[in-house]
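Notes for the one structure printed next.
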Amino acid sequence: MKLLLGSLALLLCSVGIAFLLRWFGRQERTAASYVCLECGRREWREHDGRELVSSSLDDDGSAFSQRFGAALPPDHAHDWMIAGCIFNGNTIAYTGDTARLWIEILPRLADSAGAEALFREAIALTSERRRELIDGFVGALRGCGGKQDEAFSRWNTQRRSR
Ligand SMILES: [Zn+2]
């Protein structure tokens with residue numbers, strides 16, 4: 142009887158420990174659309190904590206990379222930035238539209254030499270500095286409607302005079 146109770150207690154302890162390990166080791170599962178700031182590729186990616194568990198192609202970025210691909214190293218490692226919403230369990234958070242606007246606006250600028258120079262400048266930076274530059278660009282051109290070319294020219298002049 143004592144042996145049976147001892148075995149039962151041991152079993153309950155093992156189950157309890159396994160449950161606690163599972164609970165505390167639980168990773169946060171997220172899903173979002175990611176855009177590579179260098180080649181324009183867009184993927185739907187799901188992560189368990191930091192680990193990528195699945196990805197599917199939404200856009201191969203060919204429109205962007207055909208325009209700027211000559212300046213891009215062929216073996217770039219992708220610089221992913223979330224575009225739009227991130228889904229986390231039952232919650233959804235909006236992360237902004239910076240990545241999407243960068244990919245959409247840059248190829249359409251009338252000043253194609255200026256756009257190309259900005260792209261070359263961006264890919265030569267570290268990922269963190271690249272985000273600062275792109276944030277500045279998107280912040281200056283967002284909501285300009287049909288005046289994006291003027292806004293680009295003004296932003297370029299202002300930042301060079303600093
Ligand atoms: Zn890429």
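Under the numbering used here, the residues of the sequence shown are numbered 142 to 303, in order. By construction, the Cβ of each residue, glycine as well, lies at the ideal position given by its N, Cα and C atoms.
Would you kindly work out how many angstroms separate the C-alpha atoms of residue 256 and residue 226, rounded to a whole number?
27 Å
Anyone know if the C-beta pair for residue 271 and residue 200 falls short of 8 Å?
Going by C-beta atoms, residue 271 is not nearer than 8 Å to residue 200.
How about residue 236 and residue 244: do their beta carbons lie closer than 8 Å?
no
Beta-carbon within less than 7 Å of residue 202's beta-carbon, same chain only, minus the 5 sequence neighbours each way: which residues are those?
177, 180, 181, 182 and 183
According to DSSP, residues forming a beta bridge with residue 198
184
Beta-carbon separation (whole angstroms), residue 275 vs residue 239, contact threshold 8 Å:
6 Å
By the three-class DSSP mapping on this structure, what secondary structure does residue 172 have?
strand
Hey, residue 260 and residue 293: beta-carbon distance below 8 Å or not?
no
Spatial neighbours of residue 193 within its chain, please: C-beta separation below 8 Å, excluding the five flanking residues on both sides.
Excluding positions up to five away in sequence, the list reads 186 and 187.
Once you ignore the five residues that flank residue 300 on each side, which residues in its own chain have a CB closer than 8 Å to its CB?
Contacts found: 277.
Taking a cut-off of 6 Å, which residues have a beta-carbon closer than that to any heavy atom of ligand 1, in chain order?
177, 179, 180, 182, 217 and 219
What whole-angstrom Cβ distance do residue 264 and residue 212 have, given they're in contact under 8 Å?
7 Å
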